[in-house]
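Number of protein chains: 2
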Amino acid sequence: MTKERKILLNDVAKAVGVSKTLVSIVINGKAKQYRISEKMEKRVFEVVNEMNYSPNLVAQNLRGGKSQLIGVIVTDISNPFYSMISRIIEDKANELSYTVLFSSSDENLVNTKKLIKVLINKGVDGLIIVPCDGSEEIIKNLQEDNIPLVLLDRYFPNLEISFSCLDNKKATALATQHLIDRGYKKIAVVSYLTDMNHMSDRVAGYENTMIKSGKEKNINIKRINISNQRMEMYGALDYLLKEGTDAIICLTNMLSINGIYCLNEMKVKIPEDIAFVGFNRSDVFNLLHSPITYIKQPIEQIANEAINILIEKINHPGNLKKSISIGDPELVIQHSTPQKSLW
Amino acid sequence: MTKERKILLNDVAKAVGVSKTLVSIVINGKAKQYRISEKMEKRVFEVVNEMNYSPNLVAQNLRGGKSQLIGVIVTDISNPFYSMISRIIEDKANELSYTVLFSSSDENLVNTKKLIKVLINKGVDGLIIVPCDGSEEIIKNLQEDNIPLVLLDRYFPNLEISFSCLDNKKATALATQHLIDRGYKKIAVVSYLTDMNHMSDRVAGYENTMIKSGKEKNINIKRINISNQRMEMYGALDYLLKEGTDAIICLTNMLSINGIYCLNEMKVKIPEDIAFVGFNRSDVFNLLHSPITYIKQPIEQIANEAINILIEKINHPGNLKKSISIGDPELVIQHSTPQKSLW
DNA sequence: ATTTGAAGCTAAATCGATTTAGCATATCTT
DNA sequence: AAGATATGCTAAATCGATTTAGCTTCAAAT
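Quick mapping for you: the protein sequence lines, in order, are chains A and B.
Residues 35 to 377 (our numbering) make up the first sequence, in order.
Residues 35 to 377 (our numbering) make up the second sequence, in order.
Structure representation (structure tokens):
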């Protein structure tokens, strides 16, 4: 079987015996508008199907200035949280006949800049970005260049930019309140060293709840570096245990898994020695001897809203209104946070 | 700040006071070949940098027929194994200034066909595909259409198509031999119901090793459906336990995690009641009370080789030679497969 | 003094679609 | 019957780059 040349618009036109113009018009559903006879319209569709013609998207893109591509920058697509988000975005995009270009910034500003440039250069119609520390300025520039843009998972309170993320304050408030209700006194959190709002909101949700319950003097927050997590986690846990902490909330999935790992290694038992709340679902949480209580994000909703907002922006370039979508957290209560005995 | 129009080739040409042709030639490093004076070459580069010009990739693509895009079809990008592979491919592709279009087939033939069509239509220069059951024919067609193509993780022994995957027979042979060495007699495997070679090779590696050790009558293979895994897993385990199985090897990561979960639920203890070998690294394996022995794939190597072979094919379209790369498995021995007491 | 050749550059064609402007012919008005 | 309107279709411009073929100059060769 020799390689067959791809069918072009011109081939179809010749086969029908009309101009390219007519075929293009019909294919794009503008037959009525251009007064093409119904007989002809039918004939064209027949031949198009027969020849199995489909337009060259590159040419369409060049002509129309639309690529049907959207760029997505997460911090690391091999991180389960983002790979699940990506999968949902992928499916939704396909459904809307968009194609997604994924890339990973590794929480690095230089990478983020470079990736944005590459994606724009590829002609993406819009961007979904998980912004990293220090990216406020470049995100603002994007906005000013009128590039359809939605932030994911985090945002900048001072910028008029659409975003889709979790109600982070509520998430940790739920967890903290739950621990308080179960009788824990010295509740601590482990967070990242970052200025991004998702982390500070999670911390705030915890602090507010502690204060409301008159436990402000027990507030204890350890912040560790996003790289070198394993090592710093030991230090953080060691410190917290010495302080007499009776419950720990880890503010991300990776922190949770690292936390569990380190406690394991340190022979500290959950929940006998310390109660534990994790963040985001993970197989790990359910397979442990005592399954872990965790904060669950409505991933599907967050991802879907991000892409909905983006497509809306792409289709209505004039409309600069800031759309925001805030997902509701759920606390999945398992065995790592039992009622504390009150002796 | 008003939106600035993107700088075009023509703008640069005007700024320098020469033709578009000249600028294009210089940018593409063909100044010598076209006898452009060095003075002029330098001048052009200066202005290009000054104006921060970068060519419109869509136009380049239309003209040149090259998109610098590669399409990757995995079964599910939210599956940790594939999300790690994807991340490595992404990084390597960026390095080579390619961009990757990821998509997920869900092990479904219809999806696979559709995705291939969409990707080709997007103008990808080549494809990396994890083929699913029944896809042999369409993969063969791709090959015949001269589309640069590399299979990943699985392949078709009868097709002359390049691939990069694990030495699957060796992988299970290692695991089986290890269990035999540790004194296990009734070793069973849990596999998927599929005709793909990666699974049959894994099964074969197990069978061969059992036979070599005179245990052919103890060979026991349960195959379960890839959908509805959780339910079928209970049935499979129930059967194997009743048969007196003393060690189980699960042939994929998801099977392993599901297997561990079900055993957990069934109150069957690893390794006290049964020894267990998993497939592919997972956080889960290391966080359990007794960490799981598992077969580790050289993911980095497998992913890198896939893209290397693909780029090679893209750059030398004439060369139809079949390149294959087979990764070496490693058995990470932990506590789920202790020496069996020999009373 | 004329031819030959090299050096340095450019106009125009090209990739494959969409869209604008407009050309015939037929039908309707008055 | 002449002008207006509707119908059905097409030629050519366009998107932004690359590449082919070729045009000037000026120096070297005969």
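The beta-carbon is built from N, C-alpha and C at its ideal position, and this holds for glycine as well.
Handout entry: Assigned exposure category for Gln-263/A - 16 Cβ within 10 Å defines buried
Key = buried
Practice task
Check whether the region 211–229 of chain A touches the region 277–285 of chain A, taking contact to mean three or more Cβ pairs, one atom from each stretch, closer than 8 Å.
Solution key: yes
Problem - Counterpart residues of Lys-374/B in DSSP-defined beta bridges - result: DSSP output for Lys-374/B lists no bridge partner at all.
Handout entry: Residue nearest to Asn-142/B in terms of C-alpha spacing, selected from Ser-53/B, Pro-372/B, Asp-167/B
Key = Asp-167/B
Problem - Beta-carbon proximity check, Tyr-189/B vs Asn-231/B, cutoff 9 Å - result: yes
Practice task
Taking His-323/A as the query, report the chain B residues whose CB atoms sit under 7 Å from its CB, ordered along the chain.
Solution key: Result: His-323.
Handout entry: Test: Tyr-295/B CB closer than 9 Å to a CB of chain A
Key = yes
Practice task
Consider the Cβ of Glu-84/A: report whether some Cβ of chain B lies at a distance smaller than 9 Å.
Solution key: no
Exercise for the section: Please check if any C-beta of chain A sits within less than 9 Å of the C-beta of Lys-37/B. Expected result: Because the pLDDT of Lys-37/B is 49, which lies under 50, any placement of that residue in the model is unreliable, and the number read from its coordinates should be weighed accordingly. Lys-37/B counts as touching chain A.
Practice task
For the alpha helix (DSSP H) containing Glu-72/B, list its first residue and its last residue.
Solution key: 72–85
Practice task
Would you tell me roughly how many angstroms separate the C-alpha atoms of Leu-297/A and Ser-261/A, rounded to the nearest one?
Solution key: Those two C-alpha atoms are separated by around 19 Å.
Practice task
Answer yes or no: do Thr-371/B and Arg-236/B have a C-beta to C-beta separation smaller than 9 Å?
Solution key: In this structure, Thr-371/B lies away from Arg-236/B, with their beta-carbon atoms at least 9 Å apart.
Problem - Neighbouring residues, chain B, relative to Pro-114/A (Cβ below 8 Å) - result: Within chain B, the residues near Pro-114/A are Ser-112, Pro-114, Ser-117.
Exercise for the section: For Val-366/B, name the three-state secondary structure that DSSP assigns. Expected result: Reduced to three states, the DSSP call for Val-366/B is strand.
Exercise for the section: Measure the CB-CB distance between His-323/A and His-323/B and report whether it falls below 9 Å. Expected result: Against a cut-off of 9 Å, the Cβ pair of His-323/B and His-323/A comes out as a contact.
Problem - Which of helix, strand or coil DSSP assigns to Tyr-226/A - result: Assignment of Tyr-226/A by DSSP, reduced to helix, strand and coil, places it in the strand class.
Problem - Gly-361/B, enclosing beta strand (DSSP E) - first and last residue - result: 358–361
Practice task
Round the Cβ separation of Val-164/A and Thr-109/A to the nearest angstrom and send it over; I've been treating them as touching at under 8 Å.
Solution key: The pair is a contact, with the Cβ atoms about 6 Å apart (cut-off 8 Å).
Exercise for the section: Could you pull the start and end residues of the alpha helix (DSSP H) that Ile-119/A belongs to? Expected result: Membership of Ile-119/A in the alpha helix (DSSP H) is indicated by the continuous run 114–129.
Problem - Chain-ordered neighbours of Leu-91/A on chain B, where CB pairs are closer than 7 Å - result: Asn-155, Lys-156, Gly-157
Exercise for the section: Answer yes or no: do Thr-133/B and Ile-111/B have a C-beta to C-beta separation smaller than 9 Å? Expected result: no
Practice task
Decide if Ser-379/A is buried, meaning its Cβ has at least 16 other Cβ atoms within 10 Å, or exposed.
Solution key: As shown, chain A starts at 35 and ends at 377. That puts residue 379/A outside it, with no answer to give.
Problem - Nearest-angstrom Cα separation, counted from Ser-375/A out to Gly-278/A - result: 16 Å
Practice task
Please decide whether Arg-121/B counts as near chain A, where near means a Cβ-Cβ distance under 9 Å.
Solution key: yes
Exercise for the section: Could you please give me the residues that DSSP links to Phe-197/B through a beta bridge? Expected result: Phe-197/B has Leu-185/B, Ile-358/B as its beta-bridge partners, per DSSP.
Exercise for the section: Determine, using beta-carbon pairs with one atom in the region 112–121 of chain A and one in the region 169–188 of chain B, whether at least three such pairs fall under 8 Å. Expected result: no
Problem - Stretch-stretch touch, CB-based, cutoff 8 Å, three pairs: the region 168–179 of chain A with the region 322–339 of chain A - result: no
Practice task
Could you spell out the range, first to last residue, of the beta strand (DSSP E) harbouring Ala-281/A?
Solution key: 281–284 is the extent of the beta strand (DSSP E) around Ala-281/A.
Practice task
Count the other C-beta atoms from every protein chain shown that fall within 10 angstroms of the C-beta of Val-144/B, then say buried if there are 16 or more, exposed otherwise.
Solution key: exposed
Handout entry: Separation of Ile-258/A from Leu-274/A, as counted between CA atoms
Key = Their Cα atoms are separated by approximately 13 Å.
Practice task
Keeping to the same chain, check which residues put their C-beta closer than 8 Å to that of Met-85/A; ignore five residues upstream and five downstream.
Solution key: Ile-41, Asp-45, Val-46, Ala-49
Exercise for the section: Establish whether the CB of Phe-310/B and some CB of chain A are separated by less than 9 Å. Expected result: The beta-carbon of Phe-310/B is placed no less than 9 Å from the nearest beta-carbon of chain A.
Handout entry: Test: Asn-338/B CB closer than 9 Å to a CB of chain A
Key = So, not an interface residue.
Problem - Where Ser-53/B falls, given that 16 or more other Cβ within 10 Å makes a residue buried - result: exposed
Exercise for the section: Tell me, please, whether the CB atom of Leu-96/A is closer than 9 Å to any CB atom in chain B? Expected result: yes
Problem - Interface flag, Val-366/A vs chain B, CB-CB below 9 Å - result: No, Val-366/A lies away from the interface with chain B (no Cβ there is under 9 Å from its Cβ).
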